[in-house]
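Residue numbers (this note's numbering), protein chains in the order written: chain A, 38 to 152; chain B, 15 to 126.
No residue lacks a Cβ here, since even glycine has one placed at the ideal position from N, Cα and C.
Remarks on the structure that follows.
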């Protein structure tokens with residue numbers, strides 16, 4: 038299967054600071070990237086969908102000014118959590134798809150802890 | 015609203031037995047169906063994909079799809095302790111540009 042690389046795998050930051058998470062498709066062109074968040078013992082909740090070169094589409098209840106998504110190239114998307122607070126602590130996972138293919142490939146996930 | 019329903023479990027089976035996981039979905043327009051396995055603290059890993067009615071077998075895994083009943087299942091034969099994980103059912107429209115909709119997952123525990 039295709040490879041999606043997500044970094045960092047773990048990050049601890051202070052409340053009020055910003056954190057950037059990178060998601061790269063290594064061997065295919067990711068026309069669409071999806072960002073999910075997962076709280077303990079919960080399922081994956083879609084935060085936003087981004088198409089290369091376009092603004093991201095955010096799900097209801099997700100603050101677009103807090104969770105900045107950039108998908109400037111076909112191989113890289115970033116999620117920046119701005120002014121992070123302890124309630125933002127979660128497992129963030131990216132997923133990438135290519136036009137014409139129905140499968141989605143997941144990154145390794147990023148465990149964010151805000152202290 | 016598109017919904018995917020799964021029993022949360024936990025489902026406990028003895029080693030060597032067959033584990034049966036079930037999933038229903040609400041959107042009749044769904045075209046692609048997936049089963050993912052997720053270990054604690056890890057990202058989901060694709061186990062099976064199925065697109066047409068009937069059975070699809072891959073090693074110890076068999077996925078079954080019934081679009082009329084809006085039902086997807088996963089059978090795991092000869093269950094092993096290493097199969098203990100949460101299994102996520104996911105559905106999608108017919109485009110790579112639409113997101114997967116996940117169920118809440120079923121926790122499977124295989125007892126040695």
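The C-alpha of residue 151 of chain A is placed about 30 Å away from the C-alpha of residue 103 of chain B. Contact check for residue 50 of chain B against residue 60 of chain B passes: the beta carbons are separated by less than 7 Å. Taking all protein chains shown into account, residue 32 of chain B has fewer than 16 neighbouring C-beta atoms within 10 Å of its C-beta and is therefore exposed. Closer than 7 Å to the CB of residue 46 of chain B there is at least one CB belonging to chain A. When Cβ-Cβ separations below 7 Å define contact, residue 80 of chain A makes contact with chain B.
Take residue 99 of chain B, set aside five residues on each side of it, and the residues of its chain with a beta-carbon closer than 7 Å to its own are 51, 52, 53, 122, in chain order. Below 8 Å, too few C-beta pairs join the region 124 to 133 of chain A and the region 79 to 96 of chain B to call them touching: fewer than three. Beta-bridge annotation (DSSP): residue 20 of chain B is not paired with any residue. The Cβ atoms of residue 16 of chain B and residue 46 of chain B do not sit closer than 7 Å to each other. Rounded to whole angstroms, residue 90 of chain A and residue 145 of chain A show a C-alpha spacing of 24 Å. Of all residues in the region 60 to 71 of chain A, only 68, 69, 71 place a beta-carbon less than 9 Å from a beta-carbon of chain B. CA-CA distance, residue 97 of chain A to residue 126 of chain B, rounds to 44 Å. For the set A/48, A/58, A/53, A/50, the Cα lying nearest the Cα of residue 73 of chain A is the one of A/58.
The beta-bridge partner set that DSSP reports for residue 62 of chain B consists of B/49. With contacts defined as CB atoms closer than 7 Å, residue 50 of chain A and residue 121 of chain A qualify as a contacting pair.
Interface criterion not met: the Cβ of residue 35 of chain B is under 7 Å from no Cβ in chain A. Take residue 40 of chain A, set aside five residues on each side of it, and the residues of its chain with a beta-carbon closer than 8 Å to its own are 62, 63, 64, 142, in chain order.
Here residue 110 of chain A is exposed: its Cβ has fewer than 16 other Cβ atoms, across all protein chains shown, within 10 Å. If you draw a 10 Å sphere on the C-beta of residue 69 of chain B, you find fewer than 16 other C-beta atoms in it, and that means exposed. In the DSSP annotation of this structure, the continuous segment of the beta strand (DSSP E) that includes residue 109 of chain A starts and ends at 104 to 110.
Exposure of residue 76 of chain A is indicated by the presence of fewer than 16 other C-beta atoms within 10 angstroms of its C-beta. By the neighbour-count criterion, in which 16 or more other beta carbons inside 10 Å mark a residue as buried, residue 44 of chain B falls on the buried side.
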